[in-house]
Structures are given as C-alpha cells and as structure tokens.
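Here is the structure we will look at.
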Amino acid sequence: MLSKKINLLMISSSSALGGGTKHMFSLGDSLKKEFKVCYALPLNNHFNKYLNAKNHIYINERKLDLRDIIKLLIFVNSESIDIIHAHGKGAGVIGRFVSFFSKKPIIYTFHGIHLKCHSWYKRLIYIIYEFLLGWIDSKKVLVSKSEKFYARKSKIFLGNKSIIINNGVSNMSLKKIDQIDKKQNLSRNETKINVISVCRFVKQKNIKDIVLIAKELSHIQFSIIGDGPLWKEINLLIVEKKINNIMMLGKKNNIFKYLYSADIYLSTSLYEGLPISILEAMSIGLPIVASNVIGNCDTIENEKSGFLYDLSDINNAVDFLEKLSSCKSLRKKMGIQAFQRQRKLFSKNIMLNSYKKLYKKEYLKHLENKNI
C-alpha cells in the first residue's frame, strides 16, 4: 500500500486531436482520483476541460527547444513529479532529456511506428537515436502486438523493457441494427447504407482511398469526421472526381452521435498504433472494414468481426463494403462480434488497470534504487 499519491507528468508534443492525445487525456482523466496528473503539451483550447491553473505547462509544437526542457525540469521539481510518461516520438525526445537530468523514471509509449513512410537515411537516424537514448526509458509501452513485432523487425532498441498495453475505450451500449437517430442521420437518402470514417486529414490516414472507394459505390453514403492540413486537397479531389456521395462533416465533439447513425466503419490508414477510432466503432457494434496494416490488424478478426483488405487493393475494400451493405444479417453478426471483442481485449478498464500496476511498480522500483 502506497503512503502517497504518485505524481504523474504526461507529455505530448502535439496538440492535434489525434489518437495519441485522446489516449493521453482519457488515461489521465480516469486516473486523477488515485494519482496526481499533470500535463505538458502545446497550447490548444480543445483540451481546456482537462486543464486547470496548476496542472499543466505549455511547450512548443513538435519542436525540441532547450527552453522547454528547462521549464519542464523546473515544473518536475516544483510539482514533485514522480514519473514522466511521454506519448509519441516528439514527447519521447523531450521526456528523455528531462528524465535524464531530473533522475525521474520515464515511461515511453510509441503510439505508432511508421518507418516505411520515411527515406532510408531518416529511418537509419531514428534507429540509431533509439539505440543511443532508448536506455533512458524505464519502460517502453507498445499499444499492440503488431507494433511490437514491427519494432523488433525494424531493429528498434527495446531491450528487456518493453510491455504491450492495448489501447482501450469505454464500453458503450450496443447499436441496434435498425437504430437511426433522425437528428444525426448521415445519409441524404434514409434508405442508403452509411459508411463512416473518423480521422485527421493527414497523409497517414490515406483519405484519398476513401474518395476512390466511394466513387465505386455510388449507392452507398460515405461520411468523414475530422479536419487537418489535407482538408482542402481532399475537397478538391472530391470535386475533381465528381463524387456526390461523400459528406465532409468536419470536427465533432461527440462522435458517438454519428457512429450510432452509421452502418459500417471504414479505415484506410497506412499505419496505426492501435486506432482509437476503430475501437470506438467496435464498442457500439459496428462491423469494420480496414486496411491490413500495423495496428488495424490487431483490432478485428478478419471475416469474423469485419474485413481486412490489402492496402494496395482498393477493389478488395469495395467488394467487402458491397458484401456488408447488401446483407443486413452479416452486418449484425459481425457487429456483435466486434462489440464482444472490444469488451474482451480493448476495454478502458483493462487498460487502466494495466497502467496503474505499471506506474506503481516503476515508482517502487525507483524508490528502491534511490535507497541502495
């Protein structure tokens, strides 16, 4: 039994409304009764509900700045931080420096490893960087089995410090197959099947493929929730292809209102860690069609709770969507299996218990090392 609350500092170098920051705040908010949780992140009003005058410090967006490191060292000392938890690569760089100079243990969560998207020399630099500084980590958290497999295959230094903790989401009520929220109905035509995607408009999410898939399925309505730097480019592509069955819904605060009005969830990502958006769709019982890439492949069982398609084969994705859209009983069967799989493997409570154990274990280990 611990005699005090463990003080945590969560770091993110991105303020974007992505899975990493969403995971960080979901985790921190759920732990605040048992732990003192503080945050370091770039300025963004999206997360004000989690922040107060004393529990956070602002740092630069995706930039290594000596002033940020100094500010964080002062903050760690003034707030008596016990453990640093860095979320994502940028946060890992800053967090490791702060950990080294403050002598506080650091837990590093990768939140997606994507070396294939970089040139060979950038990949080499990253691998060398992880080899040189990875020893600083007290524990490395990978959010899916495929992410850990890819890390080892790519020669990223893990040592004996790695652990898999699956991302988890809240258990929502099961969507009824005929459930339609008239206020949030996503289709211009109520008889159309609704396929929904929730993602940031960035290269990783491969949104162009959603557009190309929608072009082949004019009898199905597609809806995309999110925003980002590629918003204009995707809009221009839709106009260029003369597609009228895609609704660009922008950023939404409560996506479940829209998920409950959808019939199928689609992900065309190039890579993931373990996608929160797919897990949320599974949590209400939507069948999934997703690219068979790192992270996505851990979410569903192919041909049981949805379909995984080859990233290079858009026609394969079209066939799976056609199959699901034309068979109500198949959507129901796969949706229920997705719902049950989320409860079993990707529940928020399972994730929270794993992190609680990890924080307490690393805190006690740090105390023991100090007393040696």
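Residues 585 to 956, numbered by my numbering, are exactly what the sequence shown covers, in order.
Where is the CB? At the ideal position from N, CA and C, for every residue including glycine.
Alpha-carbon to alpha-carbon, LYS776 and LYS766: The residue labelled residue 766 in the question sits at position 182 within the sequence shown. The residue labelled residue 776 in the question sits at position 192 within the sequence shown. Bear in mind that the predicted position of LYS766 carries a pLDDT of just 45, short of 50, making it too unreliable to give a figure here.
Quick one: using the 10 Å Cβ neighbour count with 16 as the cut-off for buried, is PHE685 buried or exposed? In the sequence shown, the residue the question calls residue 685 occupies position 101. Looking at its Cβ environment, which holds fewer than 16 other Cβ atoms inside 10 Å, PHE685 is exposed.
Among residues of its own chain, excluding the 5 on either side of CYS701, which ones have a beta-carbon nearer than 8 Å to its beta-carbon? On the sequence shown, position 117 is the one that residue 701 refers to. Closer than 8 Å at the Cβ level, and outside the excluded window around CYS701, lie LYS787, GLN788, LEU854 and TYR855.
Taking the alpha-carbon positions, what's the PHE785 to ILE668 distance? By 1-based counting over the sequence shown, the position of residue 785 is 201. By 1-based counting over the sequence shown, the position of residue 668 is 84. Straight-line Cα distance between these residues: approximately 30 Å.
Apart from the five residues on each side of it in sequence, which residues of its chain come closer than 7 Å, Cβ to Cβ, to ILE654? The count along the sequence shown starts at 1 and reaches residue 654 at position 70. Excluding positions up to five away in sequence, the list is empty.
Spatial neighbours of LEU627 within its chain, please: CB distance less than 6 Å, with the 5 preceding and 5 following residues excluded, ordered by chain position. For the purposes of this step, residue 627 is identified with residue 43 of the sequence shown, where counting begins at 1. Here the set comprises TYR642.
Can ILE848 be considered in contact with the ligand MN, in the sense that its beta carbon sits closer than 8 Å to one or more heavy atoms? As far as ligands go, the structure on display features none, and thus does not contain the ligand MN.
Going by CA-CA distance only, name the one from ALA624, ASN644 and ARG646 that's closest to ASN636. Position 52 of the sequence shown holds residue 636. Relative to the Cα of ASN636, the nearest Cα in the group ALA624, ASN644 and ARG646 belongs to ALA624.
Tell me the rounded alpha-carbon separation between LYS620 and LEU858. Here the question's residue 620 lines up with position 36 in the sequence shown. Here the question's residue 858 lines up with position 274 in the sequence shown. Rounded to the nearest whole angstrom, the C-alpha separation of LYS620 and LEU858 is 26 Å.
Are the beta-carbon atoms of CYS849 and GLY890 separated by less than 9 Å? Indexing the sequence shown from 1 puts residue 849 at position 265. Indexing the sequence shown from 1 puts residue 890 at position 306. A small correction: the amino acid at residue 849 is Tyr; Cys does not occupy that position in the sequence shown. Yes, they are a contact pair.
Chain-order list of residues whose beta-carbon lies under 8 Å from that of SER738 (same chain, five-residue window excluded): As a position in the sequence shown, residue 738 is number 154, starting the count at 1. For SER738, where only same-chain residues beyond five positions count, the Cβ hits under 8 Å are ILE697, LEU699, ARG707 and ILE711.
Residue range of the unbroken alpha helix (DSSP H) whose run includes VAL902: Taking the sequence shown and counting its residues from 1, the one referred to as residue 902 is at position 318. That run of the alpha helix (DSSP H) goes 898-909.
Kindly give me the distance between the Cβ atoms of TYR634 and GLY612, rounded to whole angstroms, as I take these residues to be in contact under 8 Å. Looking up residue 634 in the sequence shown gives position 50. Looking up residue 612 in the sequence shown gives position 28. Correct: roughly 7 Å between the Cβ atoms.
Give, in chain order, every unbroken run of the beta strand (DSSP E) that is at least 3 residues long and sits entirely within the stretch 738-823. As far as the stretch 738-823 is concerned, its whole beta strand (DSSP E) runs of at least 3 residues are 746-748, 778-782 and 805-809.
Please give me, in chain order, every unbroken run of the beta strand (DSSP E) with length at least 3 that falls completely inside the stretch 829-855. Runs found: 830-834 and 848-851.
The beta strand (DSSP E) enclosing HIS607, as first and last residue numbers: Locating residue 607 in the sequence shown gives position 23, counting from the first residue. Counting along the chain, HIS607 falls outside any beta strand (DSSP E), though it belongs to the alpha helix (DSSP H) covering 603-615.
Going by DSSP in three states, LYS687 sits in which element: helix, strand or coil? The residue labelled residue 687 in the question sits at position 103 within the sequence shown. The answer is coil: DSSP assigns LYS687 none of H, G, I, E or B.
Is it a yes or a no for the stretch 818-825 touching the stretch 655-674, going by three-plus beta-carbon pairs under 8 Å? no
Could you round the C-beta distance between LYS732 and SER754 to whole angstroms and report it? I think they count as a contact, below 8 Å. The sequence position of residue 732 within the sequence shown is 148, counting from 1. The sequence position of residue 754 within the sequence shown is 170, counting from 1. No, LYS732 and SER754 are not in contact; Cβ-Cβ is about 25 Å, not under 8 Å.
Return the residue from the list SER909, GLU885 and ASN880 that minimises the CA-CA distance to LEU895. As a first step, residue 895 must be located in the sequence shown, where it is residue number 311. LEU895 has its Cα closest to that of ASN880, out of SER909, GLU885 and ASN880.
Out of PHE930, PRO689 and LEU948, point me to the one whose CA is closest to MET756's CA. To locate residue 756, count along the sequence shown from 1; it is residue 172. Minimum Cα distance to MET756 is reached at PHE930.
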